[in-house]
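Enquirer: First the structure, which I've put down as structure tokens, then a few questions once you've had a look.
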């Protein structure tokens, strides 16, 4: 069993839809959670960073963490074609960027006009 | 946010040659950098942790003699793929942690990646 499970998609939605992306994990030591966006043939770009259960909002993006269920989500409101990318969840047991991240496989999202 | 650059962005080489990839943190210092490899439609796989002033730490299954890492300064790490073969063709990405600098989230920031094609 992988430490982090993420549905690879592809996920196709119409413009303006609410998108829900999810990851589950098995390692209860994970305490810090990130979402990265990766456009084709580019490096990942940090979208959201959170470390506590609950919701964190930033513009059209909301990150949700449920540590009791070992489940994290990223919601995108009013999705745009420019949101089409692969979304990677990542997590770490320790705080600080100098610690290893464990990534999900990434979910490929396509927002259609 | 923090900026990490990589050079070159793309390289094509013949089998048996060596290729060097540079990773630089542009607006912050990084005593640690990470090197990842990503195959098409797969996630990032950590290859090694590069440490300034000391030897790199390699993940299980990664050949340290094939993938040479040198962390020459607080802003530069290099990955050299020695005697490259077609199976080494991949997307290589580095990252550097911000280490909690003011105004920057304390996590890893990624370079744009280097696409290596070995013929």
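Residue numbers (our numbering), protein chains in the order written: chain U, 517 to 629; chain W, 20 to 138. Yeah, the Cβ is synthetic: ideal placement off N, Cα and C, and Gly gets one too.
Would you say residue 555 of chain U and residue 606 of chain U are within 7 Å of each other, going by their C-beta atoms?
Expert: No, these two residues do not count as a Cβ contact at 7 Å.
Enquirer: Closest to residue 78 of chain W by CA distance: which of W:85, W:61, W:67 is it?
Expert: Cα-wise, what sits closest to residue 78 of chain W is W:67.
Enquirer: Residue 130 of chain W touches chain U at which residues, Cβ-Cβ below 7 Å?
Expert: Per Cβ cutoff of 7 Å: 559.
Enquirer: Go to residue 584 of chain U, then tell me how far its beta strand (DSSP E) extends in each direction, as first and last residue.
Expert: It is not in any beta strand (DSSP E) - residue 584 of chain U carries neither H nor E in the DSSP assignment.
Enquirer: Helix, strand or coil for residue 521 of chain U, going by three-state DSSP, please let me know.
Expert: DSSP places residue 521 of chain U in strand when its eight states are reduced to three.
Enquirer: With respect to the beta strand (DSSP E) encompassing residue 574 of chain U, which residues constitute its N-terminal and C-terminal limits?
Expert: From DSSP, the beta strand (DSSP E) with residue 574 of chain U extends over 570-574.
Enquirer: For residue 83 of chain W, which residues of its own chain have a beta-carbon under 6 Å away from its beta-carbon, when the five flanking residues on both sides are left out?
Expert: Closer than 6 Å at Cβ, skipping near neighbours: 77.
Enquirer: On the three-pair Cβ rule with 8 Å, is the segment 42-56 of chain W touching the segment 108-117 of chain W?
Expert: Yes, the segment 42-56 of chain W touches the segment 108-117 of chain W.
Enquirer: DSSP state of residue 528 of chain U, grouped into three classes?
Expert: Looking at residue 528 of chain U - three-state DSSP - the assignment turns out to be strand.
Enquirer: From which residue to which residue does the beta strand (DSSP E) around residue 89 of chain W run?
Expert: Looking at the DSSP string, the run of the beta strand (DSSP E) that includes residue 89 of chain W is 86-92.
Enquirer: Can you find a CB in chain W that lies within less than 7 Å of the CB of residue 619 of chain U?
Expert: Chain W, which has a Cβ nearer than 7 Å to the Cβ of residue 619 of chain U, makes this yes.
Enquirer: Taking the Cβ atom as the reference point for each residue, do residue 40 of chain W and residue 98 of chain W lie within a distance shorter than 7 Å?
Expert: Yes.
Enquirer: From the DSSP output, which residues share a beta bridge with residue 538 of chain U?
Expert: Per DSSP, U:589.
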